[in-house]
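Structure record follows, encoded as structure tokens.
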Amino acid sequence: AKIGWKNHKQSVNNPYSQFQDEYTLEQIQSAPMVYEPLTKLQCCPTSDGAGAAILASEDFVRKHRLEGKAIEIAGMAMTTDLPSSFDEKSSIKLVGFDMSRKAAQRVYEQSGVGPEQLDVVELHDCFSCNELISYEALGLCPEGKAGEFVDSGAQTYGGKVVVNPSGGLISKGHPLGATGLAQCAELTWQLRGTAGKRQVEGAQFALQHNLGLGGAAVVTLYRKS
Numbered sequence: 025a026k027i028g029w030k031n032h033k034q035s036v037n038n039p040y041s042q043f044q045d046e047y048t049l050e051q052i053q054s055a056p057m058v059y060e061p062l063t064k065l066q067c068c069p070t071s072d073g074a075g076a077a078i079l080a081s082e083d084f085v086r087k088h089r090l091e092g093k094a095i096e097i098a099g100m101a102m103t104t105d106l107p108s109s110f111d112e113k114s115s116i117k118l119v120g121f122d123m124s125r126k127a128a129q130r131v132y133e134q135s136g137v138g139p140e141q142l143d144v145v146e147l148h149d150c151f152s153c154n155e156l157i158s159y160e161a162l163g164l165c166p167e168g169k170a171g172e173f174v175d176s177g178a179q180t181y182g183g184k185v186v187v188n189p190s191g192g193l194i195s196k197g198h199p200l201g202a203t204g205l206a207q208c209a210e211l212t213w214q215l216r217g218t219a220g221k222r223q224v225e226g227a228q229f230a231l232q233h234n235l236g237l238g239g240a241a242v243v244t245l246y247r248k249s
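As numbered in my numbering, the sequence shown has no gaps in its residue numbers, which increase by one up to the final residue, 249.
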């Protein structure tokens, strides 16, 4: 419930968010039950949306003098379901823990940037429990410590790293095919310093996590150029 509360609170400052209302923790908990313990305000809504991005070479960026706007893709990896997703009869692994962890590990190796260096993260919080699982899969906290991570406020402003400043899928919305580009856009604005009231001050490194069951995970690390 604390994750749903955080994401709805953060979406108040996002003009592109489907929901822009702040709720109390009690309101999150007492919302209509979808599937215990998940209430409506801990689940992503049905959404429409569109996104676009421009990919450019370094030569193009220099030629058009876009150095001040360009954001570098420092690493990217896609993984699909692993044998362990099914062999161990774990619901956590079935919903993408292992493939998310593998993709994140590859990206950290590619970029030379570790999870402790991240300033801002947009991750696939289709449900609040998915965000909780993803903290550990992406290395934002040790395995088994996600609850403590949330309770300490480490995943929001003033903490260790700001997760889903856009409001995430839970509050910003989940337009399926456009979700990944919406995450990309948010992180680009954060690294450019143009995210307005939801700006993560001094952001240099950003991580994106996008997931599809049945099954693939894509993790991308961006850095300010």
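For glycine and all other residues, C-beta sits at the position ideal for the given N, C-alpha and C.
- [ ] Give the DSSP bridge partners of residue 23, in chain order.
- [x] The displayed coordinates of the chain run from 25 to 249. Any statement about residue 23 would go beyond what the structure contains.
Task: Start and end residues, beta strand (DSSP E) containing residue 145 - done: Taking the sequence shown and counting its residues from 1, one reaches residue 145 at position 121. Per DSSP, residue 145 belongs to the beta strand (DSSP E) from 144-146.
TODO: Can you tell me the Cβ-Cβ gap for residue 102 and residue 127, rounded? I've got them flagged as a contact below 8 Å.
DONE: The residue you call residue 102 lines up with position 78 of the sequence shown. The residue you call residue 127 lines up with position 103 of the sequence shown. Correct: roughly 6 Å between the Cβ atoms.
TODO: Give the straight-line distance between the Cα atoms of residue 30 and residue 193, rounded to the nearest whole angstrom.
DONE: In the sequence shown, residue 30 corresponds to position 6, counting from 1. In the sequence shown, residue 193 corresponds to position 169, counting from 1. Going by the C-alpha atoms only, they are around 12 Å apart.
Task: Span separating the alpha-carbon of residue 158 from that of residue 105 - done: Counted from its first residue, the sequence shown places residue 158 at position 134. Counted from its first residue, the sequence shown places residue 105 at position 81. If you take the alpha carbons of residue 158 and residue 105, they lie about 15 Å apart.
Task: Proximity below 8 Å, CB of residue 100 to CB of residue 241 - done: Position 76 of the sequence shown holds residue 100. Position 217 of the sequence shown holds residue 241. For residue 100 and residue 241, no; Cβs fall outside 8 Å.
TODO: Would you tell me roughly how many angstroms separate the C-alpha atoms of residue 280 and residue 117, rounded to the nearest one?
DONE: This structure gives no information on residue 280, because the portion of the chain shown stretches from 25 to 249.
TODO: Could you check what DSSP says for residue 232 in three-state terms: helix, strand or coil?
DONE: Reading the sequence shown from its first residue, position 208 is the one you call residue 232. Strand.
TODO: To the nearest angstrom, report how far apart residue 188 and residue 28 are at their CA atoms.
DONE: By 1-based counting over the sequence shown, the position of residue 188 is 164. By 1-based counting over the sequence shown, the position of residue 28 is 4. Their Cα atoms are separated by approximately 11 Å.
Task: Which listed residue (237, 245 and 130) has its alpha carbon closest to that of residue 228 - done: Sequence index remark: in the sequence shown, residue 228 carries index 204 (1-based). Cα-wise, what sits closest to residue 228 is 245.
Task: Reduced DSSP secondary structure (H/G/I, E/B, other) of residue 247 - done: Taking the first residue of the sequence shown as 1, we reach residue 247 at position 223. Looking at residue 247 - three-state DSSP - the assignment turns out to be strand.
Task: Distance between beta carbons of residue 150 and residue 198, contact taken as under 8 Å - done: Residue 198 sits at position 174 when you count from the first residue of the sequence shown. Residue 150 sits at position 126 when you count from the first residue of the sequence shown. That belief holds up - the Cβ atoms of residue 198 and residue 150 are roughly 6 Å apart, short of 8 Å.
- [ ] Specify the secondary structure class of residue 43 as computed by DSSP and reduced to three states.
- [x] Indexing the sequence shown from 1 puts residue 43 at position 19. Here residue 43 sits in coil by DSSP.
Task: Delimiting residues of the beta strand (DSSP E) encompassing residue 85 - done: By 1-based counting over the sequence shown, the position of residue 85 is 61. Element bounds for residue 85: not the beta strand (DSSP E) but the alpha helix (DSSP H), 82-87.
- [ ] Could you name the residues of the same chain whose beta carbon sits closer than 7 Å to that of residue 125, not counting the 5 residues immediately before and after it, in chain order?
- [x] For this step, residue 125 is matched to residue 101 along the sequence shown. For residue 125, where only same-chain residues beyond five positions count, the Cβ hits under 7 Å are 161.
Task: Contacting residues, own chain, Cβ-Cβ under 6 Å from residue 206 (five flanking each side not counted) - done: In the sequence shown, residue 206 corresponds to position 182, counting from 1. Closer than 6 Å at the Cβ level, and outside the excluded window around residue 206, lie 75.
Open item on the list: For residue 73 and residue 137, I'd like the C-alpha separation in whole angstroms.
Closed with: Here residue 73 corresponds to residue number 49 of the sequence shown, with the count starting at 1. Here residue 137 corresponds to residue number 113 of the sequence shown, with the count starting at 1. Rounded to whole angstroms, residue 73 to residue 137 spans 31 Å at the Cα level.
- [ ] Count the other C-beta atoms from every protein chain shown that fall within 10 angstroms of the C-beta of residue 256, then say buried if there are 16 or more, exposed otherwise.
- [x] No statement about residue 256 is possible, as the shown extent of the chain runs from 25 to 249 and does not include it.
Task: Cβ neighbours of residue 247 in the same chain (closer than 6 Å, five flanking residues each side left out) - done: Within the sequence shown, numbered from 1, the residue matching residue 247 stands at position 223. So the list reads 96, 98 and 229, once near-sequence residues are dropped.
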